[in-house]
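Student:
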Amino acid sequence: MTTLDLPPVAPPGPAGAAASAEPDATGATDAPRPEKKLRIGGVTRDDVLTVAGAAAGSLALDWVLYERVLPFSGAFGFLICWYLFFLAGYSVLGRLQWNPMMVRDRLVAVVAWSSGLLVVALIADQIGYVAGRGREAAQHLNFFTESMEHTGPLDQLTSGGALNAIVGSLEQLGLATLFAVPLGIAAAVFMSEVGGRAARPVRTLVEAMTALPSIVAGLFILGVVIITFGFEKSGFAASLALTVMMMPIVTRAAEVVIRLVPGTLREASYALGGSQWRTVWNVVLPTARPGLVTAVVLGMARGVGETSPVLLTSGFTSQFNGNPFDGHQVSLPLYIWNYVKQPYDGMIARGFAAGLTLMGVVLVLFVTARVIGGRRPGQLTRAQRRRIDREARRLEAAAAGAAAGPYPLRPQGQP
Amino acid sequence: MTSAAEPAAPYAGVPRQPDHGPDQDVPRAITAPATPGDRVFRGVLRLAGFSVFAIMGLIAFFLILRGTDALRTVGWSFLTEQKWQTAAHNFGIAAVLPNGLLIAVIALVIAVPVAIGTAIFISEYAPVRLRAALVSLIDLMAAIPSIVYGLWGLFFLQPRIIGFVRWMANHLGDTIPFLKVRIGDINTSYTSSTFIAGVVVSLMIIPIITSLSREVFSQAPQGEREGAYALGSTRWGMVRRVVLPFGKGGVIGAVMLGFGRAMGETIAVALIISPNFEAITHILENGANSISALIALRFGESDSLSLSALMAAGLVLFALTLLVNVLAGIVINRSRSGAATAD
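As given, the protein sequences belong to chains U and C, one line each in that order. The working numbering numbers the first residue of the first sequence as 52 and each following residue consecutively. The working numbering numbers the first residue of the second sequence as 9 and each following residue consecutively.
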């Protein structure tokens, strides 16, 4: 930290003191002015109007230049040009009222706001677009009750659906969770509770594994299970590939919450003579339970949407197959991948409907994770707190009853 | 908990350690012998911890094992050959690898400014009440499946971006050679290109870079922030002189992590590109490729040499991403531990 941009030294202009500049106070001479509370920060009318003016002016300029004068086309270019014009217009408008340093400050604020809004808009647009195009096929109930077994490429949307893919996705996800969660949480407990010299490389490797290209996980299972051991492609092989993807995610998220468990709880358990196994099982893990559930659910949300591991290992089929251990089994991502590449509108609509279903599953998992994971380790839910209160009152009453006896436990009236 | 400061007073009944005389009292090392249950427990945990090594090792081992056939067939030309004709024993990654890296670089060029801007926005400019919601939203963006990004890119983005791409090709192509489009001026000359794939991949790495950068930005010390304000700094002055220098290491690590993710991205790329097999010099032209897209599009070929060639390509991808990710992890850990701000 060497030099700092200096603030405007000039007396506060209309923008800087807009909040405190009151019409009755400006003409006052020697009369003691009533002290007003100075508003620091916040948005003034000038700020809003400057942004609005720059936006409107640049929109008009953009429309004239882009649509009328120059031979461009396309919404994308229009928006980019509008934004550039807006930035230019905003700096000019700002320069009219503020000094250069304030202009720079405001300009950066506007850029930061717009990049945040851009990201929000992108997410909203993705969800909205997939929902919009997916509704066409998903509004027919048969989409959730039929498989594609008897449906040809030109059939109406009232025939065929994604039941096979939904069931396949759920079964593969369930199996993968079954494998990944114990392994992942055990690895997390190893890093935080056992530790030692080995914990550091394990942590580094887990972080690297989180970013393992999903296609490599698929290729690995393809090479081991299907080529080397000669099994058929199946939902089980796909769930193994998903396990490779989900395990590091669960591990990383679980380690973070296990580390947040206060050390005093562990020490209390050891002081009571608990072994390490008892401490972890009865103290550490229950304390971290909400966070662990979040870790698991986030891993599931990631796993259910993985396409490339499933693509290489599960095999595609249009038929319903409820047995993950035998024969090809399609899942939602694979269903989408397969049908949107076909040149038929009906198939693309079905692909989008499956995309909508997949997004729905991911959203439900994600929201579940947030709701459960909102609490810090050791923080209780309302129901838990009420139960503890009830228990405490009962003990209190028992103590009060016992106080009548020869050994008063505690004075009446004190908690 | 430990006994480091235990007084050396002679406790009755506590057996002295035999090596020390009465005037050489040292604190006893308290070692509770692990119960058999604990020993089993630790063993199981250690096994789980080392399973990570086992999995990564097995991945490398099987990719090498399965890829040897192909590597033996073509030898070193695997690294220099651009074509991918496995039946003719004429294949290599000299086209798919650089083309994939090109997609990742384009993705970074777009994603890094937006992601850092968003991270600064969330940690410095957004109203405090909105911050938690925004952080959740970025996490949600990271959880959106890549096939959905692919759908969006293929059906929503591509038709709308063509006008912009054509404008770049026609007006900037003459001055900036790699933006030129040499094939005819019809819509399909501009689709399925390296650039469009890069744009879609950039959306997928924005949440990764954003959330890591936001994390380091929000850890910038409060005292220094207030110091900057007290010296009369504007908010941007504070961000530039306090927050950004503090977060530099973390941001570099986040960008590297984003690069690793972009290299490995498969499905969205495979949906959008139309594969080609020569090193790309003009990013706006139809035709692109990457190792992961190659694997996703070609794994259906049934002869064992083709599969083996894909395994070898996968091995290269695995090694590269592992390298980038481990380096990124080291950079991020150093920045988290505060080593980066020691100067």
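C-beta atoms are modelled at their ideal positions from N, C-alpha and C, and glycine is treated no differently. Just so you know, these numbers come straight off a predicted model, no measurement behind them.
Once you ignore the five residues that flank serine 226 (chain C) on each side, which residues in its own chain have a CB closer than 6 Å to its CB?
Tutor: For serine 226 (chain C), where only same-chain residues beyond five positions count, the Cβ hits under 6 Å are Ser131.
Student: Starting from glutamate 232 (chain C) and walking both ways along the alpha helix (DSSP H), at which residues does that stretch end?
Tutor: Run containing glutamate 232 (chain C): 230–238, per the alpha helix (DSSP H) assignment.
Student: So glycine 258 (chain C) packs on isoleucine 340 (chain C), CB below 8 Å; how close in whole Å?
Tutor: Sure, about 6 Å apart at Cβ, within 8 Å.
Student: Below 8 Å, is the gap between the Cβ of glycine 354 (chain U) and the nearest heavy atom of the ligand NAD?
Tutor: What this structure holds is no ligand at all, so the ligand NAD is not there to describe.
Student: Determine the direct distance from the alpha carbon of valine 245 (chain U) to that of threonine 39 (chain C), and round the result to whole angstroms.
Tutor: Threonine 39 (chain C) and valine 245 (chain U): Cα-Cα distance of roughly 15 Å.
Student: Examine chain U for any beta-carbon lying closer than 9 Å to the beta-carbon of valine 259 (chain C), and answer yes or no.
Tutor: So no, valine 259 (chain C) is outside the interface.
Student: Terminal residues of the continuous alpha helix (DSSP H) containing lysine 87 (chain U)?
Tutor: Counting along the chain, lysine 87 (chain U) falls outside any alpha helix (DSSP H), and DSSP gives it neither H nor E.
Student: List the residues of chain U that phenylalanine 326 (chain C) touches, going by C-beta distances under 8 Å, in chain order.
Tutor: The answer, in chain order, is Leu263, Pro264 and Val267.
Student: Whose Cβ in chain U lies nearer than 7 Å to the Cβ of threonine 6 (chain C)?
Tutor: With chain C represented from 9 up to 351, any question about residue 6 (chain C) goes unanswered, as that position is not in the structure.
Student: I'd like the span of the alpha helix (DSSP H) that includes proline 44 (chain C), first residue to last.
Tutor: Unbroken alpha helix (DSSP H) run through proline 44 (chain C): 44–82.
Student: Name, please, each residue of chain U whose Cβ falls closer than 8 Å to the Cβ of arginine 139 (chain C).
Tutor: Chain U residues near arginine 139 (chain C): none, gap ~11 Å exceeds 8 Å.
Student: Which class does tryptophan 92 (chain C) belong to by DSSP, given the choice of helix, strand or coil?
Tutor: Strand at tryptophan 92 (chain C).
Student: Do glycine 266 (chain C) and isoleucine 217 (chain C) have their C-beta atoms within less than 9 Å of each other?
Tutor: Yes.
Student: Just to confirm the assignment: which complete alpha helix (DSSP H) runs, minimum length 4, are found wholly within the stretch 285–321 of chain C?
Tutor: Whole alpha helix (DSSP H) segments, 4+ residues: 299–306.
Student: Go through its chain and collect everything with a Cβ distance to alanine 404 (chain U)'s Cβ below 6 Å, but skip five positions before and after it.
Tutor: Excluding residues within five positions, the ones whose Cβ falls inside 6 Å are Gly185, Ala188, Ala189 and Phe194.
Student: When we look at the beta-carbon of serine 265 (chain U) and count the other beta-carbons within 10 Å, is it buried (16 or more) or exposed?
Tutor: With 16 or more Cβ atoms within 10 Å of its Cβ, serine 265 (chain U) is classed as buried.
Student: Ignore the nearest five residues each way along the sequence and tell me which others in alanine 317 (chain C)'s own chain have a CB closer than 7 Å to its CB.
Tutor: Answer for alanine 317 (chain C): Ala78, Thr94 and Phe99, listed in chain order.
Student: Using CA coordinates, which residue listed in U:Arg310, U:Leu323, U:Tyr395 and U:Gly183 is at the minimum distance from glutamine 207 (chain U)?
Tutor: Of the listed residues, the one whose Cα sits closest to glutamine 207 (chain U) is U:Tyr395.
Student: To the nearest angstrom, how far is the alpha carbon of alanine 70 (chain U) from that of valine 154 (chain U)?
Tutor: Confidence is the limiting factor: at alanine 70 (chain U) the pLDDT is only 43, short of 50, which leaves the residue's position unreliable and the question unanswerable from this model.
Student: Given that serine 326 (chain U) touches chain C, what residues does it touch there, using C-beta distances under 7 Å?
Tutor: Near serine 326 (chain U) (Cβ distances below 7 Å), the residues of chain C are Thr43, Gly45 and Asp46.
Student: I need the straight-line Cα distance from threonine 76 (chain C) to phenylalanine 371 (chain U), nearest angstrom please.
Tutor: Cα to Cα, the separation comes out at about 38 Å.
Student: Could you check what DSSP says for serine 154 (chain C) in three-state terms: helix, strand or coil?
Tutor: Three-state result, serine 154 (chain C): helix.
Student: Quick one: what's serine 201 (chain C) bridged to in DSSP?
Tutor: Beta-bridge pairing links serine 201 (chain C) to C:Asn294 and C:Gly295.
Student: Alpha carbon to alpha carbon, what distance is there between alanine 301 (chain C) and leucine 263 (chain U)?
Tutor: About 15 Å.
Student: Quick one: complete alpha helix (DSSP H) runs, 4+ long, within the stretch 237–305 of chain U?
Tutor: Taking only runs of at least 4 residues, the alpha helix (DSSP H) segments lying wholly in the stretch 237–305 of chain U are 250–261 and 265–272.
Student: Using C-beta distances below 8 Å, list every residue in its chain close to phenylalanine 285 (chain C), excluding the 5 sequence neighbours before and after it, in chain order.
Tutor: Once the five neighbours on either side are set aside, the close Cβ partners of phenylalanine 285 (chain C) are Gln90, Lys91, Trp92, Ala103, Val104 and Asn297.
Student: List, from N- to C-terminal side, the alpha helix (DSSP H) runs of 4 residues or more that fit wholly inside the stretch 182–246 of chain U.
Tutor: Counting only runs of 4 or more, we get 214–240.
Student: If you draw a straight line from the C-alpha of methionine 199 (chain U) to the C-alpha of leucine 116 (chain C), how long is it?
Tutor: C-alpha separation (whole angstroms): 40 Å.
Student: Could you check whether the Cβ of valine 301 (chain U) sits closer than 9 Å to any Cβ belonging to chain C?
Tutor: Answer no: the Cβ-Cβ gap between valine 301 (chain U) and chain C never drops below 9 Å.
Student: Can a CB atom of chain C be found closer than 9 Å to the CB of glutamine 148 (chain U)?
Tutor: It does not; no Cβ of chain C falls within 9 Å.
Student: Is there at least one Cβ from chain C nearer than 9 Å to glutamine 380 (chain U)'s Cβ?
Tutor: No, no contact with chain C.
Student: With a threshold of 9 Å between beta carbons, is glutamine 223 (chain U) in contact with chain C?
Tutor: No, because no Cβ of chain C sits closer than 9 Å to the Cβ of glutamine 223 (chain U).
Student: Take valine 355 (chain U) as the anchor and find which of U:Leu138, U:Lys88 and U:Ala292 has the nearest alpha-carbon.
Tutor: Closest by alpha carbon: U:Ala292.
Student: Taking methionine 176 (chain C) as part of the alpha helix (DSSP H), name the residues at either end of that continuous run.
Tutor: No alpha helix (DSSP H) contains methionine 176 (chain C), which DSSP labels as neither H nor E.
Student: What residue range is occupied by the uninterrupted alpha helix (DSSP H) comprising tryptophan 388 (chain U)?
Tutor: Start and end: 383–391.
Student: Which first and last residues belong to the alpha helix (DSSP H) in which aspartate 98 (chain U) is found?
Tutor: Unbroken alpha helix (DSSP H) run through aspartate 98 (chain U): 96–113.
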